[in-house]
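There are 2 protein chains.
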Amino acid sequence: MARMRDAGVTPTMQRLAILEFLEGTKSHPTADKVYVEVRKTCPTIARATVYNTLEALTKAGTILQLTVDPSAARYDADLGPHVHFRCRLCGEVYDIDVKQENCLGDLVKGHRVEAVRTYAFGVCASCRKKGRDDA
Amino acid sequence: MARMRDAGVTPTMQRLAILEFLEGTKSHPTADKVYVEVRKTCPTIARATVYNTLEALTKAGTILQLTVDPSAARYDADLGPHVHFRCRLCGEVYDIDVKQENCLGDLVKGHRVEAVRTYAFGVCASCRKKGRDDA
DNA sequence: TTTCGTGCAAAGCATTTGCAAGTAG
DNA sequence: CTACTTGCAAATGCTTTGCACGAAA
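The listed protein sequences derive, respectively, from chains W and B. Just so you know, the numbering used here puts 41 at position 25 of the first sequence, and the rest follows in order with no gaps. Just so you know, the numbering used here puts 114 at position 98 of the second sequence, and the rest follows in order with no gaps.
Below you can see the structure in the form of structure tokens.
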């Protein structure tokens, strides 16, 4: 809550519910998943509010918006350096710990680099076990 | 064309037009942009054909599907290791050359890693010059 | 003939927007 | 009072699907 205030985002019940849900999960949920889950503790919340909040928190740097899934944005409250791995069979997203994320300079070709995000793709351990190794 | 055949994608006029357009641009076009542009040389092509082709070529490994833009998939025929930078102000996507892309092992935590993609975000040189540096 | 690719239109989702009502400063 | 937030519904936009036709194996 202090974090939200510091980030310039007015804390409201709805926004706190969203942030707390995100911090309590490692599942990198989509906006719609957040909506469905938060609705359990805050039944009147509107879809638009969820989208607004996720955008506000993303811009404020409080959470990360992942573009690892082409079909829908996913969100992550874990700001530490890590890589996101997406299974091309089941679609699940996993964390992979790394010492440090790929570091470019702060300034490359005149562009100011503010963030670097690394995504990995392949077949996850679970799908491999299921024999769906598929190549 | 040989490349398409090798990849198991039957070459057709429409598919060749799409691949040639992609290879002749560095603009990382969206599917819709591809549709509009290819339509100039192949006026009867349907949107669905463009989407089908882009998906087929992506799966075949002939082109890359980028998820650097949350609002729409972008495509790139340049398979060499490079990072994609997206300006948060104008939305433009630029290439950044790197010696090698972030290398994870082939197998991490039981997941088989088939591809690694790195995206950078910030403000591009052009927007910075326009004084829209904005922070 | 069986399969695959194409073109067209309609449908499906994720996301955004407009607007009225409520709330905080 | 003024600005911001919420909730609802409708719209927008990217992408996919269903179907019929035509070309290729």
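We put the beta carbon where it would ideally sit given N, CA and C, even for glycine. A quick note: this is a predicted structure, and the numbers were derived from the prediction, not measured.
Taking residue i and residue j to be in contact with their CB atoms under 8 angstroms, please state how far apart those CB atoms are, rounded to whole angstroms.
i: Val139 (chain B); j: Arg104 (chain B); result: 7 angstroms
i: Arg144 (chain W); j: Gly126 (chain B); result: 7 angstroms
i: Leu32 (chain B); j: Ala93 (chain B); result: Incorrect: roughly 13 angstroms between the Cβ atoms, too far for contact.
i: Val114 (chain W); j: Thr83 (chain B); result: Not quite, the Cβ-Cβ distance comes to about 19 angstroms (not below 8 angstroms), so this is no contact.
i: Tyr91 (chain W); j: Val52 (chain W); result: That belief does not hold up - the Cβ atoms of Tyr91 (chain W) and Val52 (chain W) are roughly 14 angstroms apart, past 8 angstroms.
i: Phe37 (chain W); j: Val54 (chain W); result: 5 angstroms
i: Glu130 (chain W); j: Phe137 (chain B); result: 6 angstroms
i: Ala88 (chain W); j: Asp48 (chain W); result: 7 angstroms
Out of the options, state which residue places its alpha-carbon closest to the alpha-carbon of residue i.
i: Gln30 (chain W); options: W:Gly40, W:Gly77, W:Lys49, W:Asn68; result: W:Asn68
i: Lys146 (chain W); options: W:Ala62, W:Val114, W:Cys106, W:Pro59; result: W:Cys106
i: Ala72 (chain W); options: W:Leu123, W:Pro27, W:Asp113, W:Pro86; result: W:Pro27
i: His155 (chain W); options: W:His98, W:Met17, W:Thr65, W:Ala18; result: Within the shown structure, residues of chain W are numbered from 17 to 151, placing residue 155 (chain W) beyond reach of any answer.
i: Ala141 (chain B); options: W:Arg128, W:Ala136, W:Ile112, W:Tyr135; result: W:Arg128
i: Thr41 (chain B); options: B:Ala136, B:Met20, B:Val66, B:Asp111; result: B:Asp111
i: Pro86 (chain B); options: B:Val54, B:Thr46, B:Ile79; result: B:Thr46
i: Leu80 (chain W); options: W:Thr57, W:Arg63, W:His100, W:Ala62; result: W:His100
i: Val109 (chain B); options: B:Met20, B:Arg63, B:Tyr135, B:Thr74; result: B:Tyr135
i: Met10 (chain W); options: W:Thr74, W:Val66, W:Thr60, W:Leu120; result: Any property of residue 10 (chain W) remains undetermined from this structure, which presents chain W solely from 17 to 151.
Cβ-heavy atom distance between residue i and the ligand FMN below 7 angstroms?
i: Ala64 (chain W); result: Summarising the ligand content, the structure contains no ligands, and the ligand FMN is consequently not present.
Are residue i and residue j touching if we call contact CB-CB under 8 angstroms?
i: Gly159 (chain B); j: Ala23 (chain B); result: The question about residue 159 (chain B) has no answer, for chain B in this structure spans 17 to 151.
Subject >> Residues, ordered as in the chain, of the region 94 to 126 of chain B that lie near chain W by beta-carbon distance below 8 angstroms >> reply: Val99, Phe101, Cys103, Arg104, Tyr110, Ile112, Val114, Glu117, Asn118, Leu120, Val124, Lys125, Gly126
Subject >> Short-range partners of chain B found in the region 64 to 96 of chain W, where Cβ spacing is below 8 angstroms >> reply: Gln81, Thr83, Val84, Asp85, Pro86, Ala89
Subject >> Entirely enclosed alpha helix (DSSP H) segments - the region 22 to 74 of chain B, minimum 4 residues >> reply: 29 to 39, 47 to 57
Original post:
What residues in the region 126 to 138 of chain B have a beta carbon less than 9 angstroms from any beta carbon of chain W?
Top reply: Gly126, His127, Arg128, Val129, Glu130, Ala131, Val132, Arg133, Thr134, Tyr135, Ala136, Phe137, Gly138
**OP:** Enumerate, from N- to C-terminal direction, the unbroken beta strand (DSSP E) stretches of 3 or more residues contained entirely within the region 70 to 142 of chain W.
**Re:** 80 to 82, 90 to 92, 98 to 103, 109 to 113, 127 to 139
**OP:** Anything in the region 26 to 56 of chain W with a Cβ closer than 8 angstroms to a Cβ of chain B? List those residues in chain order, please.
**Re:** none
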